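Start counting at 1 in the sequence shown, then tack on 331, and there's your number in my numbering.
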Amino acid sequence: MSHEDYIYINAGPGYEKVIQHDGVRTTVCENRYELLASPTAEVPEQQAVQALREWIRGRNAKVVQLSGCVSG
Numbered sequence: 332m333s334h335e336d337y338i339y340i341n342a343g344p345g346y347e348k349v350i351q352h353d354g355v356r357t358t359v360c361e362n363r364y365e366l367l368a369s370p371t372a373e374v375p376e377q378q379a380v381q382a383l384r385e386w387i388r389g390r391n392a393k394v395v396q397l398s399g400c401v402s403g
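This is the structure:
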């Protein structure tokens, strides 16, 4: 990792995880998934899609938990 690369995790309420690597920044919170890339950065597709899937699963599980419903 270069000096511009970092991982920040705050496990408090709302949970936030920020990963910056090679000009691509991914931010994951309870209600937000965001991917930003510099104009010349290549986005690591597999990692980005996997992180998005994890966020969707976690978000849906939270919605089900809050509503008391079970989806089919």
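Just so you know, even glycine gets a beta-carbon here, dropped at the ideal spot from N, CA and C.
Since the structure is predicted, the reported quantities are computational estimates derived from the model, not experimental observations.
Problem - Nearest neighbour of residue 394, chosen from 361, 381, 383 [CA to CA] - result: 361
Handout entry: Whole-angstrom distance between residue 370 and residue 358, CA atom to CA atom
Key = 18 Å
Handout entry: Range covered by the alpha helix (DSSP H) that runs through residue 391
Key = 376-398
Handout entry: Coarse secondary structure for residue 341, derived from DSSP in three states
Key = strand
Handout entry: Three-state secondary structure (DSSP) of residue 371
Key = coil
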